[in-house]
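Just below is one structure, and these are the notes that go with it.
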Amino acid sequence: MAHLAIIGLPNVGKTTLFNALTGLAARTAAHPFSTTEPNVGVAKVSDDRLDRAAEVEKSAKVVHATLDLLDLPAMAPGSSTFGAQHLGRLREMEALAVVLRAFEDDAVPDAESGVDPVTQAEALLLELVLADADVFARRSQKAAKEATADAAKRPAAAAVAKAAELLATGRPLREGAWEESELVAFRDLAPLTIKPCVWVVNAGEDDTDSGDLQRAVATVVPAGDVVVVLSAALEEEASRLDPADRLELYEGLGLGEGALARMVQATYRTLGLISFFTVGPKEAHAWTVRDGASAREAAGKIHTDLERGFIRAEVTPIESVIDAGGWDAAKAAGSVRLEGKDYTVAEGDVIVVRFSV
Ligand SMILES: Nc1nc2c(ncn2[C@@H]2O[C@H](COP(=O)(O)OP(=O)(O)OP(=O)(O)O)[C@@H](O)[C@H]2O)c(=O)[nH]1
Ligand SMILES: [Mg+2]
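Position one of the sequence shown corresponds to residue 3 (my numbering), numbered consecutively onward.
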């Protein structure tokens, strides 16, 4: 299960985004620091392909993948409102979604954030770097002392020192080149700047230059981070509609399946996660595994018995199930393959595990 924290400056639309993603109704307000306690919720990872496969299989139930969300109080650079307690919560997350305000609205004061997403991205990135720098500077001193007494501890101390140096130059750890052993050496510190970030530019509903905003933010954040432009207010409104009306709204605005789906899918990608599916009359189910997982590992996600007793897997891309009009039809058409336990699962595979226990 992946955990994503939503952070950002005051009054930028963090809770609005949280509500849009979870369908919950946490309190939002037009004044800064309206969120004082974290909100927790679950976001559905919507996937069109799963819905279509469920349709052709006439599945009674559809189970989408999910993402655990945490909406935190505002960060304010240089202030102590975003306390050690919230930093601790952040360290437990697999990824961060940083909301940057670009919308202008006289009714929603922007004194703390402004409406330039680039300035906010730089300020927040620095804030995260400083939080890590503090922790690593202290650990580095302690580790150096320990290493003088115990030679076996030298490689770990060197890794921590190298990280502390990078942070001291103002750079996030994910910009460094790290050996696995180095990452292990400071894993217990749970550095914030090693976590993948999704930068969410909250633009006005009628903002038309989303491409420009996207590129501007992308130039100041670490390579590999995802930047998504959306309107949290619009997405929250859309999330309250029933699916047909929502689709109509999105289509009317030329938004395809909506910005939220794109954001969540991008988060999955940056986390190195992929989906595979099981489909049938009872249920159509999306499962999450790390990119690179074997068929046997994937089987274990469904049930430990399937992993233990794994014999082989029947596999085909979900598109071929949809196109053929169902799993049985895809099989009859010869598009289902047999794979062994070491097969590397591909994003979008439909899998039937043959097993015996
Ligand atoms: N016009 C406009 N208003 C928005 C948008 N997103 C949020 N708002 C409004 O901005 C105000 C603040 O939104 P919140 O979601 O509470 O912002 P927040 O970042 O959680 O605020 P704090 O928790 O106080 O830091 C609310 O009045 C929202 O309705 C948007 O995309 N456009
Ligand atoms: Mg809030």
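Backbone N, C-alpha and C fix where the C-beta goes; we use that ideal spot for every residue, glycine too.
Quantities reported herein were computed from a predicted structural model and do not represent experimental measurements.
Asked                                                                                                         : Found
Candidates L262, V14 and R292: closest to A109 by CA position                                                 : V14
beta-carbon E321 near ligand 1 non-hydrogen atom, thresh 7 Å                                                  : no
Start-end ranges of the alpha helix (DSSP H) lying completely within the region 198-267, minimum 4 residues   : 212-220, 234-241 and 245-254
A62 to P198 span [Cα, whole Å]                                                                                : 36 Å
Local conformation of R51 per DSSP, three classes                                                             : helix
Bridge partner(s) assigned by DSSP for A288                                                                   : F279
Beta carbon shell of ligand 2 at less than 5 Å from a heavy atom                                              : K16, T17 and T37
Cβ-based neighbour list, E177, same chain, cut-off 6 Å, excluding 5 preceding and 5 following                 : P224
Residues sharing a beta bridge with N41, DSSP                                                                 : D73
Cutoff 8 Å; reference V230; Cβ partners in own chain excluding five residues on either side                   : V200, W201, V202, V203, Q216, A261, R264, M265 and A268
For V352, the residue or residues it bridges with in DSSP                                                     : F279 and T318
L23 to K46 span [Cα, whole Å]                                                                                 : 7 Å
Segment contact, 8 Å Cβ cut-off, at least three pairs: the region 315-325 with the region 342-353             : yes
Proximal residues to L127 (C-beta, below 7 Å), its chain only, five neighbours per side dropped               : P174 and V223
Cβ-Cβ distance between A295 and F312 below 8 Å                                                                : no
Contact belief for T30 with T17 at Cβ below 8 Å, rounded distance in angstroms                                : 5 Å
Whole-number beta carbon distance between E238 and N21, since they are thought to touch under 8 Å             : 5 Å
Other residues of its chain near S142: CB distance less than 6 Å, five sequence neighbours each side excluded : V162, A163 and A166
For G327 and A78, the rounded distance between their alpha carbons                                            : 53 Å
Selection from A56, E114, P119 and M95 that minimises the alpha carbon distance to V101                       : P119
Candidates Y270, P75 and E259: closest to D227 by CA position                                                 : Y270
Reduced DSSP secondary structure (H/G/I, E/B, other) of L98                                                   : strand
Candidates F105, R103, D107 and L72, of which the one nearest G90 by Cα                                       : L72
Proximity below 8 Å, CB of I8 to CB of A133                                                                   : no
Alpha helix (DSSP H) segments (min. 4 residues) lying fully within the region 123-201                         : 156-170 and 182-187
Beta-carbon proximity check, D53 vs V64, cutoff 8 Å                                                           : yes
Where T68 sits in the DSSP three-state scheme                                                                 : strand
Where H5 sits in the DSSP three-state scheme                                                                  : strand
Whole-angstrom distance between A67 and I19, CA atom to CA atom                                               : Before going further, note that residue 19 is Leu rather than Ile in the sequence given. Each residue's Cα considered, the two are about 19 Å apart.
Anticipated Cβ contact below 8 Å, E96 with L273, distance rounded                                             : 6 Å
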